[in-house]
Ligand SMILES: [Zn+2]
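Numbering (the working numbering), first residue to last: 256 to 539.
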């Protein structure tokens, strides 16, 4: 009889513990997210292009993977935390907390070397970055493994692998406007009618969004203006918004201030071009 009584008590205790655990987890799921006490936060954004192995020649847009790793170590040691575009949007729209010292890492043009060298290093340091890709280049990229990492693009499988991880998100760098001809990138041609320009831009952005969504399962939130060229009156921001973007980045080299309650501040963000010719601490 006594044994049955103790068994009953143990079962009762176990039942109570299980119920409390499930109750606690459901409570934590509905707890409000932590608000940021700051109304403004400084946000440095770094802009990378090619990350190569140490024996490749470097130019203004190319740094070695060793140098890139030393950037990541420096950022970590100085207390910076890499953030996603979603975190920036949630701060600007809803006041959700950002890390003490946020930094956004961006990579333009979608080179294969980004997948080979930058992505594994981001994973090694548990950091994240936005890789802005040109849809038409990805669509034409080979599935072969022995491609030249210097000039060739990532392919759709590599982009999918990166996007599925916690260390990369995919941004947009136009579907097919990344060139300099009469038009510089996605900028307006002087004298072109506003309507013609807006139709052309929207069509290209939508095409890239659809392509990226097909590859990764979600549309991009960030648009990187090719060559940093865009209409100076910022009239194209409304086209970006119409296409579903929440952030855009340029090539002006300055610090940003992100403000709570002002999602507009996420358009026209400035970035520091990471060249091999200086030490990273000179930027901050
Ligand atoms: Zn570019």
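Every residue, glycine too, gets a C-beta built ideally from N, C-alpha and C.
This structure is a prediction, so every number in the text was calculated from the model and none was measured.
Residue 392 and residue 365 look like a contact to me (Cβ under 8 Å); what is the Cβ gap, rounded to whole Å?
-> Yes, they are in contact, since the Cβ atoms of residue 392 and residue 365 sit about 6 Å apart, within 8 Å.
Boundaries (first-last residue) of the alpha helix (DSSP H) holding residue 306 = Counting along the chain, residue 306 falls outside any alpha helix (DSSP H), though it belongs to the beta strand (DSSP E) covering 305 to 307.
Identify every residue that forms a DSSP beta bridge with residue 295.
-> 514
For residue 524 and residue 481, believed in contact at Cβ under 8 Å, the rounded distance | At roughly 15 Å, the Cβ-Cβ gap does not stay under 8 Å, so residue 481 and residue 524 are not in contact.
Determine the closest residue to residue 334 out of 356, 479, 424, with distance taken between C-alpha atoms.
-> 356
Top-ranked residue by Cα proximity to residue 518, from 317, 402, 341 = Closest option to residue 518, Cα to Cα, is 341.
Contacts around residue 358, its chain only, beta-carbon distance under 8 Å, and the 5 residues preceding and following it disregarded = 298, 299, 300, 301, 330, 335, 336, 337, 338
Cut-off 6 Å between Cβ atoms - residues of its own chain near residue 528, not counting five sequence neighbours on either side | 302
Please report the Cβ distance between residue 427 and residue 475, rounded to the nearest whole angstrom; I am assuming they are in contact, meaning their Cβ atoms lie under 8 Å.
-> 4 Å
Presumed contact (8 Å Cβ cut-off) between residue 505 and residue 489, rounded CB distance = Their Cβ separation, rounded to whole angstroms, is 10 Å, which puts residue 505 and residue 489 out of contact at 8 Å.
Look at the alpha carbon of residue 374 and the alpha carbon of residue 292, and state the distance between them as a whole number of angstroms.
-> 33 Å
Could you name the residues of the same chain whose beta carbon sits closer than 7 Å to that of residue 316, not counting the 5 residues immediately before and after it, in chain order?
-> 304, 305
CB of residue 364 to nearest heavy atom of ligand 1: below 8 Å?
-> yes
Which residues bound the beta strand (DSSP E) around residue 317?
-> 317 to 319
Are there 16 or more other CB atoms within 10 angstroms of the CB of residue 444, so buried, or fewer, so exposed?
-> exposed
Helix, strand or coil: which one does DSSP assign to residue 483?
-> helix
Closest residue to residue 459 among 473, 478, 415, 361 (Cα-Cα distance) = Answer by Cα proximity: 478.
Ordered along the chain, which non-local residues of its own chain (more than five positions away) have a Cβ less than 6 Å from that of residue 522?
-> 492, 503
Using the beta-carbon count (16 or more within 10 Å), is residue 424 buried or exposed?
-> buried
Considering only residues of the same chain and omitting the five flanking positions on each side of residue 347, which have a CB-CB separation below 7 Å?
-> 513, 514, 515, 517, 518, 520, 521
Check whether residue 471 and residue 389 have beta carbons under 9 Å apart = no
Are the CB atoms of residue 441 and residue 464 nearer to each other than 9 Å?
-> no
Can you give the beta carbon distance from residue 377 to residue 404, rounded, assuming they're within the 8 Å contact cut?
-> In fact, because the Cβ distance is near 16 Å, the residues do not count as touching under 8 Å.
Could you pull the start and end residues of the alpha helix (DSSP H) that residue 363 belongs to?
-> Residue 363: not part of any alpha helix (DSSP H); member of the beta strand (DSSP E) spanning 357 to 363, first to last residue.
In three-state DSSP terms, what is residue 378?
-> Helix.
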